[in-house]
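*Asks:*
Chains as they are written, first to last, in our numbering: chain V, 7 to 432; chain Z, 5 to 64.
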């Protein structure tokens with residue numbers, strides 16, 4: 007039943023009452039903190055945002071708001087310049103909202119400006135929370151504590167294949183001046199936007215499954231936009247990077263302060279090209295160490311061989327000297343033997359010579375011709391020297407040889423009692 | 005078979021001893037001296053050869 011005393015309004019009147027009430031009791035505008043639950047820009051450039059307030063992922067409040075096209079260009083550009091990222095779902099903003107109520111279109115919330123410093127602060131808070139979490143879980147330096155391969159050439163690269171940074175990275179490696187060869191395996195991933203965390207985490211998980219095939223993980227973003235780096239501050243991604251069993255090289259390529267991923271990575275470099283240069287320098291450094299080691303080995307071998315050569319030379323000199331002294335002694339001995347032999351031979355021949363002289367004298371003394379010349383004669387009987395008178399008898403014919411001539415005689419008598427001794431007749 | 009250095013030296017010393025004893029037959033003296041001279045040359049050649057070998061080996 008309708009109370010007859012209850013006033014009745016037309017819808018227009020009623021909407022006017024609402025409008026008047028709102029205009030009377032509400033300020034012209036309010037600074038409201040809310041998360042962008044959804045954001046759409048239509049073809050005419052108007053931006054429609056669903057603002058939400060959450061507590062533990064439960065939506066506590068929600069409202070639709072609009073940034074009209076004439077404001078959106080200015081607001082969004084200013085926001086991007088100040089924060090380094092564009093307005094998007096998931097970020098918290100402090101927006102100045104004007105409440106309008108139109109009799110035909112109803113209630114509308116128009117965003118007339120956004121304070122980027124609030125979002126920056128929010129992000130800083132989130133970032134610090136991630137850092138605190140990593141520190142408390144002991145993950146901050148975990149990846150840095152890994153030992154990188156001395157020759158990191160098997161690279162698991164997480165990037166978008168179309169990213170300029172990836173192209174720069176590959177070009178730098180392929181054209182290195184030292185002709186080092188790198189094995190690059192690309193794990194395609196989104197490196198910005200809503201799907202980045204899941205995508206990068208999935209790629210890291212794939213790499214971990216075949217970690218023995220790689221030396222390092224390289225995360226390359228780089229090139230173009232400096233936006234949407236928040237994923238690199240996320241708890242989920244930074245934890246996975248920190249726990250990666252391989253050293254992670256970050257070449258995210260940005261100008262703003264380093265992300266938490268940069269902080270937990272094994273090494274962070276400004277650009278993909280810088281990562282490539284770092285890898286080349288690692289190989290160069292290794293090669294240099296090898297060259298130095300070879301030089302040292304060569305020097306050591308030279309020293310050892312020189313020392314040994316010197317020792318051998320000394321030994322050889324000593325040996326030569328010893329051998330020489332032995333052979334010299336032996337030569338001296340043979341020389342002495344030669345002299346002895348000469349002397350002995352001389353002595354032996356001299357003795358024989360002397361004997362020969364004596365013999366010669368004896369022969370000379372007994373030469374019958376010489377004896378005959380001295381007045382002696384030789385008497386022969388029966389062609390034999392006659393020595394004894396007893397050999398003869400009367401009538402025997404004997405021959406007497408003188409120095410000059412021969413006498414033939416006939417025996418008359420013989421007397422054996424007489425003989426010749428020492429020149430005397432006995 | 006070639007005689008060793010020591011065998012040669014012993015033989016030379018034996019010849020010298022026999023020559024020094026004065027009991028050597030004259031006809032044998034020349035042959036003995038010739039034999040000793042050959043042995044002596046043999047020994048000296050050996051010694052010079054050893055020296056050359058040592059020098060060559062150490063220089064090589």
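Quick reminder that beta carbons are idealized off the backbone N, C-alpha and C, glycines included. On a predicted model such as this, the values are computed, not experimentally measured, just so you know.
1. Starting from the beta carbon of residue 56 (chain Z), find every residue of chain V whose beta carbon is closer than 8 Å, and list them in chain order.
2. From residue 48 (chain V) to residue 91 (chain V), what distance separates their C-alpha atoms?
3. Residue 442 (chain V): which of V:308, V:247, V:283 sits nearest, CA to CA?
4. Beta-carbon within less than 7 Å of residue 230 (chain V)'s beta-carbon, same chain only, minus the 5 sequence neighbours each way: which residues are those?
5. Tell me where the alpha helix (DSSP H) around residue 175 (chain V) begins and ends.
6. Looking at C-beta atoms only, is the number of pairs between the stretch 51-64 of chain V and the stretch 28-43 of chain V that lie closer than 8 Å three or more?
7. Measure the C-alpha to C-alpha separation of residue 253 (chain V) and residue 215 (chain V) and round it to an integer number of angstroms.
8. May I ask you to list, following chain order, the residues of the stretch 335-351 of chain V that have a beta carbon less than 7 Å from some beta carbon of chain Z?
9. Looking at the strands, I want to know which residues DSSP matches up with residue 189 (chain V).
10. Just to confirm my understanding: we take residue 246 (chain V), look at its own chain, exclude 5 residues before and 5 after, and list those with CB closer than 7 Å. What are they?
11. Closer than 9 Å by beta-carbon distance: list the chain Z residues that pair up with residue 311 (chain V), in chain order.
12. Give, in chain order, every unbroken run of the alpha helix (DSSP H) that is at least 4 residues long and sits entirely within the stretch 342-402 of chain V.
13. Within 10 angstroms of the Cβ of residue 52 (chain Z), are there 16 or more other Cβ atoms? Answer buried if so, exposed if not.
14. In whole angstroms, give me the CA-to-CA distance for residue 188 (chain V) and residue 222 (chain V).
15. Drop a sphere of 10 angstroms on the beta-carbon of residue 280 (chain V), count the other beta-carbons inside from all chains shown, and report buried for 16 or more, exposed for fewer.
16. In the DSSP output, which residue or residues are listed as bridge partners for residue 68 (chain V)?
17. At 8 Å on the CB atoms, spell out the chain V contacts of residue 42 (chain Z), in chain order.
18. Run through chain V and tell me which residues come within less than 8 Å of residue 48 (chain Z), C-beta to C-beta.
19. Grab me the residues of residue 391 (chain V)'s own chain with a C-beta within less than 8 Å of its C-beta, minus the 5 sequence neighbours each way, in chain order.
20. From V:12, V:72, V:135, V:290, pick the residue whose C-alpha is nearest to that of residue 179 (chain V); which is it?
21. Please name the residue in V:155, V:420, V:116 whose C-alpha comes closest to that of residue 272 (chain V).
22. Should residue 24 (chain Z) be flagged as near chain V, meaning a C-beta pair shorter than 9 Å?
23. How would you list, in chain order, the residues of chain Z whose beta-carbon sits under 8 Å from the beta-carbon of residue 330 (chain V)?
24. Once DSSP output is grouped into helix, strand and coil, what is the label at residue 53 (chain V)?
25. 9 Å is my cut-off, CB to CB: does residue 17 (chain Z) come that close to chain V?
26. Count the other C-beta atoms from every protein chain shown that fall within 10 angstroms of the C-beta of residue 123 (chain V), then say buried if there are 16 or more, exposed otherwise.
27. Looking only at DSSP bridge pairs, what is residue 120 (chain V) linked to?
28. Under 8 Å between beta-carbons, which chain Z residues line up against residue 357 (chain V)? List them in chain order, please.
29. Report the residue from V:295, V:382, V:285 whose alpha carbon sits nearest the alpha carbon of residue 161 (chain V).
30. Straight-line CA distance for residue 151 (chain V) to residue 139 (chain V)?
31. Assign residue 419 (chain V) to one of three DSSP states: helix, strand, or coil.
32. Residue 214 (chain V) by DSSP, collapsed to three states: which one?
33. Is the distance from the Cβ of residue 159 (chain V) to the Cβ of residue 226 (chain V) below 9 Å?
34. Using 8 Å as the Cβ pair cut-off and three pairs as the minimum, do the stretch 70-81 of chain V and the stretch 129-149 of chain V touch?
35. Kindly indicate the opening and closing residues of the beta strand (DSSP E) around residue 44 (chain V).
36. Taking Cβ positions only, does residue 354 (chain V) come closer than 9 Å to chain C?
*Replies:* According to the structure data:
1. Ordered by position in chain V, no residue passes the 8 Å Cβ test against residue 56 (chain Z), which lies about 10 Å from the chain.
2. Rounded to whole angstroms, residue 48 (chain V) to residue 91 (chain V) spans 20 Å at the Cα level.
3. Because residue 442 (chain V) is not part of the residues shown, which for chain V are 7 to 432, the question remains open.
4. Only weak support exists for where residue 230 (chain V) lies, its pLDDT of 47 falling under 50; the coordinates are left without a value.
5. 170-180
6. yes
7. Cα to Cα, residue 253 (chain V) sits roughly 15 Å from residue 215 (chain V).
8. 336, 337, 340, 343, 344, 346, 347, 350, 351
9. In the DSSP assignment, the residues bridged to residue 189 (chain V) are V:160.
10. 207, 210
11. What residue 311 (chain V) touches in chain Z: nothing, since even the nearest Cβ is about 17 Å away.
12. 374-379
13. exposed
14. 11 Å
15. So residue 280 (chain V) ends up on the buried side.
16. V:58, per the DSSP bridge assignment.
17. In chain order: nothing, as chain V lies at least about 11 Å away.
18. 337, 340
19. 384, 385
20. V:290
21. Out of V:155, V:420, V:116, the CA that lies nearest to the CA of residue 272 (chain V) is found in V:155.
22. Yes, its Cβ sits closer than 9 Å to a Cβ of chain V.
23. 55, 58
24. strand
25. yes
26. Counting the other Cβ atoms within 10 Å of the Cβ of residue 123 (chain V) gives fewer than 16, which makes it exposed.
27. V:101
28. 26
29. V:285
30. 18 Å
31. Residue state for residue 419 (chain V) is assigned as coil, using DSSP reduced to three classes.
32. Looking at residue 214 (chain V) - three-state DSSP - the assignment turns out to be helix.
33. no
34. no
35. 36-47
36. The question asks about chain C, but that chain is absent: this structure's protein chains are V and Z.
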